[in-house]
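Data block below; observations after.
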Amino acid sequence: MKVLVTGGTGFIGSFVVEALLQDGHEVLVIANGRQLPAYLEMLTNQITYYQGDFGETDILEKALPGCDAVIHLAWSTVPKQTKGATAFEFSSNIPGNINLIEKCIDFKVDKFIFISSGGTVYGIPDQIPLTELHGLNPISNYGLGKLTMEKLLHLYNYTHNIKYTILRVSNAYGERQNLYKNQGVIGVWLKNIVQKKKIEIWGDGSVVRDYVYVKDVAAAVLNALAQIKNTSIYNIGGGKGYSLNDIVAAINTGLNIGVEVEYKPSRNFDVPVNILDISKAQKEIGFKPTIGLAEGIIRTWKWIQKEVVY
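The opening residue of the sequence shown carries number 205 in the numbering used here; numbering runs sequentially from there.
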């Protein structure tokens, strides 16, 4: 299968690219970097690489001919919310996403997989764990942007019959995470520990999240690619909830260290609890998280010790 991956040099995307190649697919990548990052350099001869924005017409018209599927991971923003971010969320993401979908229709791409955000699109939960049928009321700009893309896919499926799968991924963590965007507490905290800095917790540490190891996310993407229907939506997570204080305890225990914590005022865009029900993905696409939190933290720690400048 010929597959285009947007954001294929990033945290999750790079593991998706590796998994696709291992599975025998022809892989094309659109990303902003001038060249492939070091961890993908050995695969240079196996990847067709396009530098630029995922929504640029000229790049899409070069990359999409003959493609069977698009896996869309690229996104311009992060969950951290700042003043004026609503307009930027939409101006920086939505026009490009519309163009991407329309070009996929023009070039008759058969399958479209969108990596959405299971941690933000649902908003304040009415029930735990969250199923795919839960109401969608995001309380952050990032979640609103991701939900808008979901709705665009629904619209274009209705008007143009584009097949899509949406993967609502929880808090992914692991190797290759960008440690300097202040996104992803496990990676950022481990970086701070390496640099002998305090870790910061917004609130009292009771906020609960669902964490999933990055290679398990990549495996879920390949499973979805193999079994895509006309339309489908799946939660992809660890299926368990851990508070921020639980993560601190897991780091202390797993790495046999003492973490220095600084508690700060809570933020109004942090959902108090988010745990995903992953049973639908387990049943329909064979998704199974294989790396638990303790093992995932150790793997991430080993990588960070090699990567972070002290």
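All residues carry an ideal CB built from backbone N, CA and C; glycine is no exception.
Problem - Cβ contact (3+ pairs, closer than 8 Å) linking the stretch 491-508 and the stretch 440-448 - result: yes
Handout entry: Buried or exposed (CB count within 10 angstroms, at least 16 for buried), E293
Key = buried
Problem - G300 versus E260 - alpha carbon distance - result: Distance between the alpha carbons of G300 and E260: 7 Å.
Handout entry: Top-ranked residue by Cα proximity to V527, from Y446, R503, E488 and N460
Key = Nothing about residue 527 can be reported from this structure: the residues present for the chain run from 205 to 514 only.
Problem - Any alpha helix (DSSP H) of 4 or more consecutive residues that is wholly inside the stretch 214-274 - result: 215-226 and 261-267
Practice task
Could you check if S436 is buried or exposed, using at least 16 other CB atoms within 10 Å of its CB as the buried criterion?
Solution key: By the C-beta density criterion, S436 is buried, having at least 16 other C-beta atoms within 10 angstroms.
Handout entry: Beta carbon of S280 nearer than 7 Å to that of G322
Key = no
Practice task
Determine, using beta carbons only, whether V465 and I405 come nearer to each other than 7 Å.
Solution key: yes
Handout entry: Rounded straight-line distance, which links the Cα of Q331 to that of D262
Key = The alpha-carbon atoms of D262 and Q331 are separated by roughly 45 Å.
Exercise for the section: Can you check DSSP and say which residues form a bridge with W406? Expected result: K468
Exercise for the section: Could you tell me the distance, in whole angstroms, from the CA atom of K385 to the CA atom of Q239? Expected result: Approximately 21 Å between the Cα atoms of the pair.
Exercise for the section: Inspect the CB distances between the stretch 303-316 and the stretch 241-252 and report whether three or more fall short of 8 Å. Expected result: no
Practice task
Could you pull out every unbroken beta strand (DSSP E) segment of at least 3 residues lying fully inside the stretch 355-404, listed in chain order?
Solution key: 368-373 and 375-377
Handout entry: Limits of the unbroken beta strand (DSSP E) element including K515
Key = With the chain covering 205 to 514 only, the question about residue 515 has no answer from this structure.
Problem - Cβ shell of S351 (< 7 Å), same chain only, five flanking positions each side left out - result: The sequence as given places Leu at residue 351; Ser does not occur at that position. Contacts found: V325, L340 and P342.
Handout entry: Buried/exposed call for T504, threshold 16 Cβ in 10 Å
Key = Buried.
Exercise for the section: Tell me whether E245 is buried or exposed, calling it buried when 16 or more other Cβ atoms sit within 10 Å of its Cβ. Expected result: exposed
Handout entry: Three or more C-beta pairs below 8 Å linking the stretch 422-429 and the stretch 219-238
Key = yes
Handout entry: Proximity to V231 [Cα-Cα], best of Q509, G270 and I461
Key = G270
Handout entry: Environment of Q381 [buried if 16+ CB atoms lie within 10 Å]
Key = buried
Practice task
Give the C-beta separation of V421 and I216 to the nearest angstrom, bearing in mind that I take them to be a contact with Cβ-Cβ under 8 Å.
Solution key: 5 Å
Exercise for the section: Would you mind stating whether A376 and V416 have Cβ atoms separated by less than 7 Å? Expected result: yes
Problem - Cβ-Cβ distance between F219 and K510 below 7 Å - result: no
Handout entry: Close beta carbons around L247, own chain, < 8 Å, minus the five adjacent residues each side
Key = In its chain, beyond the 5 residues on either side, V221, E222, L225 and L240 have a beta carbon closer than 8 Å to the beta carbon of L247.
Practice task
Could you say which of E379, T457, I479 and L359 lies nearest to K444 if we only look at CA atoms?
Solution key: I479
Practice task
Can you tell me which of G237, N249, S344 and V512 puts its alpha carbon nearest to the alpha carbon of K401?
Solution key: V512
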